[in-house]
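All the letters of the sequence shown, read from the start, carry residue numbers 705 to 773 under my numbering. Every residue, glycine too, gets a C-beta built ideally from N, C-alpha and C. Each remark here refers to the structure printed beneath this line.
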Amino acid sequence: MALSDCTECWSTPCQCGHEFLGCSQEYKETMTKSVNGFTIKDVFKWLGEKDYLSDDWELLYKEFIEDKK
Numbered sequence: 705m706a707l708s709d710c711t712e713c714w715s716t717p718c719q720c721g722h723e724f725l726g727c728s729q730e731y732k733e734t735m736t737k738s739v740n741g742f743t744i745k746d747v748f749k750w751l752g753e754k755d756y757l758s759d760d761w762e763l764l765y766k767e768f769i770e771d772k773k
């Protein structure tokens, strides 16, 4: 039994991303979407359609999640 999952940050699960170092960008995006339900590209596309510089980040997050439902 291991003391931790990551040999770099010693966190369980890994918090530094070391375990994904050799993975392709496609794989990382697929994993992100499988956990969150959206990719980073989805977030930036959504932000590009909004005037987000004047908004509170928590309000933006709530709006984004509501739009994705």
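Any beta strand (DSSP E) of 3 or more consecutive residues that is wholly inside the segment 727-770: The segment 727-770 contains no whole beta strand (DSSP E) run of 3 or more residues.
From residue 736 to residue 728, what distance separates their C-alpha atoms? 12 Å
Backbone secondary structure at residue 718 - three-state DSSP: coil
Collapsed DSSP secondary structure at residue 712 in the structure displayed: coil
7 Å Cβ shell around residue 739 - same chain, five flanking residues per side excluded: none
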